[in-house]
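Counting from 1149, one number per residue, gives the positions in the sequence shown under our numbering. Heads up, the beta-carbon is just placed ideally off N, CA and C, and yes, glycines get one too. These numbers come from a predicted model, not from an experiment. I have placed the structure first, in the form of structure tokens, so that the comments after it can refer back to it.
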Amino acid sequence: MTEIKYIGHILSASGLKPDEEKVRAVVQLPPPEDKQELLRFRGMIQYLAKFIPNLSEMQARKEWVLSYYRRSFKEEISCTDELLFKAEKLIVPQQLRQEMLSKIHESHLGIVKCKARARDILYWPGMSTQIEEIVSQCAACNENKNSNPREPLIPHPLPGRPWEKIGTDLFHHKGSEFLLWVDYFSKYPEIAKLSDTNSRGVITSMKSMFARHGIPDIVVSDNGPQYASAEFKTFTESWEFEHVTSSPKHAQSNGQAERMVQTIKNLLKKSVQ
Ligand SMILES: [Zn+2]
């Protein structure tokens, strides 16, 4: 005897392997139609999980793909042959972005051409800013700067679509704290009452806003402690959006949100008069 069948497993000289009969049963299982059938189905799959060596990797990838269906441009997303696209552009996974940045920068064409070249075929949240960073630090690109067309001097170009870039700010009104968002494209504002003004409170509120409108590419805020915490940084990384603060480099970045706060406050005042 070389093999022993033991509750759905086969113990053999070459180790543990799945019982083929059981695998066949799983494959032939009709699609589950109610909750009970679904639970049974999940149980059967769980049994096979230990024979799939990179299951957690596959699950992480599935989560990553699903996260793009939660973004504001979800209508443009498609998936073919394991590749994820935003319209015609390939969405580059995190592990490959550094390599892609080097490739984009390979021929030292300067910021404008590098960005234009990349934008036609590739996408990931924050790609343009990362190209700017890497190219601006390159001596060769800087030397050739004069022979390259200059980046137009528009500090905040209009985003290409709604909910791509949003500004956010906290404000106080009649004993309560509020969080405001404003979309840079449509100027659409939204406010929510905060249960807590710390990072966690702001993150919770942002998550529910993202669930309604999708995850934006860029969030602009001031340097408030809520946005400077490690917790907030982890949030930006796991939800993959770029966080820009009104640092000296982007002096008036949050102006849009700050102006909107004034407008909203005036509206609130008038509404209670
Ligand atoms: Zn260069």
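Taking the Cβ of A1264 as the reference point, every heavy atom of ligand 1 lies at 7 Å or farther away.
Exclusion of V1260 from the 7 Å shell around ligand 1 follows from its C-beta lying no nearer than that to any non-hydrogen atom of the ligand. Distance from the Cα of Q1374 is smallest, within the candidate group V1367, R1348 and P1364, for R1348. Considering only I1225, Q1194, P1310 and R1309, the residue with the shortest C-alpha distance to P1166 is Q1194. The set of residues with CB atoms less than 7 Å from any heavy atom of ligand 1 reads, in chain order, H1253, H1256, V1283, C1286, A1288 and C1289. Here G1274 is not near Q1404, since their CB atoms are 8 Å or more apart.
Proximity to K1261 across C1289, R1309 and M1354 peaks at C1289, based on C-alpha coordinates. Collapsing the DSSP output to three states places D1344 in coil. Shown here, Y1271 sits in a strand according to DSSP, grouped into three states. DSSP places L1232 in the strand class (E or B) of the three-state scheme. The closest CA to that of S1369, considering only H1361, E1406, M1357 and I1282, is found on E1406. E1338 is the residue among S1226, I1366, E1338 and E1236 whose C-alpha sits nearest the C-alpha of S1356. Under the Cβ criterion (8 Å, minimum of three pairs), the stretch 1408-1421 does not count as touching the stretch 1375-1391. Take I1282, set aside five residues on each side of it, and the residues of its chain with a beta-carbon closer than 6 Å to its own are L1249 and H1253, in chain order. For F1380, the enclosing alpha helix (DSSP H) begins and ends at A1378 to S1386.
Residues of the same chain with a CB within less than 7 Å of the CB of F1319, apart from the 5 flanking positions on each side, are F1326, L1328, V1409 and K1413 in chain order. Here V1174 is exposed: its Cβ has fewer than 16 other Cβ atoms, across all protein chains shown, within 10 Å. Judged by DSSP in its simplified three-state form, F1199 adopts coil rather than helix or strand. Taking S1377 as the centre and dropping the five residues before and after it, the same chain places the C-beta of S1347 closer than 6 Å to its C-beta, in chain order. Per DSSP, the unbroken alpha helix (DSSP H) holding E1247 starts and ends at Q1242 to H1253. Residues V1174 of the same chain have their beta carbon placed closer than 6 Å to that of M1192, with the five preceding and five following residues left out of the count.
Under the DSSP assignment, E1312 falls outside any alpha helix (DSSP H); it carries neither an H nor an E label.
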